[in-house]
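Residue numbers (the working numbering): 1237 to 1487.
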């Protein structure tokens, strides 16, 4: 998680300390879950590396078992956490911090996507494609900064949480469906499908569209191309513009 914590810093540029505090709590909970994933990947990487160098069939079987384990962890751990997020917040920090529950739910959904992606990214490292994994992580980090700058001014910690979810979806190679609002048009462009968040029937039509392989593959490819438009240089310029704007407002 190269970009972990950067969203907290960026949120502080746009929102008050109370909202930053709520979001930080949600981020810390998801950070704890991320440590579990890192431990799991580090524990299984030697096994995957060994089987890759000796037997391709065993490597595929080990990767498949890793994926099954990821599904099991999602069903047994992360999905219950999503539904119990209110109780987690109350138990850990108290009911005064319940506003942290919604961003926590959103980011936990993103962590499920991280978990599904973990067997493949770990497998690529075992196959000595570390540079490709690094490129993917770097692209996601840049995309995260850009989306945060677009969404945070209007949506605050919810925008930051949605950014986390969208970035992990694109990293997993998922087609993206988002609400039909201007900030998301700026971020997603033609790489996603838009729907009226208040119209359940239209949301259903979008999901049905993604069940059709041709449509799904088309939007996955668009998402990859869209991610290429973001660079560290462009992200740095946008971040600098934000700093300049904040300094000008406080003079």
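Glycine residues also receive a C-beta, built at the ideal position from the N, C-alpha and C atoms.
Anticipated Cβ contact below 8 Å, residue i with residue j, distance rounded
i: residue 1362; j: residue 1284; result: 4 Å
i: residue 1394; j: residue 1441; result: Not quite, the Cβ-Cβ distance comes to about 25 Å (not below 8 Å), so this is no contact.
i: residue 1354; j: residue 1273; result: 6 Å
i: residue 1325; j: residue 1341; result: So it is not a contact: roughly 10 Å between Cβ atoms.
Residue i, buried or exposed, once every other Cβ within 10 Å from all chains shown has been counted against 16
i: residue 1255; result: buried
i: residue 1278; result: exposed
i: residue 1416; result: exposed
i: residue 1225; result: An answer regarding residue 1225 cannot be provided, because it is not within the stretch 1237 to 1487 covered by the chain.
i: residue 1245; result: exposed
i: residue 1404; result: buried
As assigned by DSSP and simplified to three states, the class of residue i
i: residue 1412; result: strand
i: residue 1329; result: coil
i: residue 1365; result: coil
Limits of the unbroken alpha helix (DSSP H) element including residue i
i: residue 1204; result: Residue 1204 lies beyond the residue range present for the chain, which begins at 1237 and ends at 1487; the question has no answer from this structure.
i: residue 1290; result: 1253–1290
i: residue 1319; result: 1315–1319
i: residue 1248; result: 1242–1250
Residue span of the beta strand (DSSP E) that contains residue i, given as start and end
i: residue 1425; result: Looking at the DSSP string, residue 1425 is not in any beta strand (DSSP E), and its letter there is neither H nor E.
Beta carbon proximity, residue i to chain C, threshold 8 Å
i: residue 1437; result: Absence of chain C from the displayed structure is noted, only one protein chain being present.
Residue i CB to nearest heavy atom of the ligand FAD below 7 Å
i: residue 1316; result: The model depicted lacks the ligand FAD and carries no ligand whatsoever.
Would you call the region 1385–1393 and the region 1299–1313 in contact, with 3 or more CB pairs under 8 Å?
Because the criterion of three Cβ pairs below 8 Å is not met, the region 1385–1393 and the region 1299–1313 do not touch.
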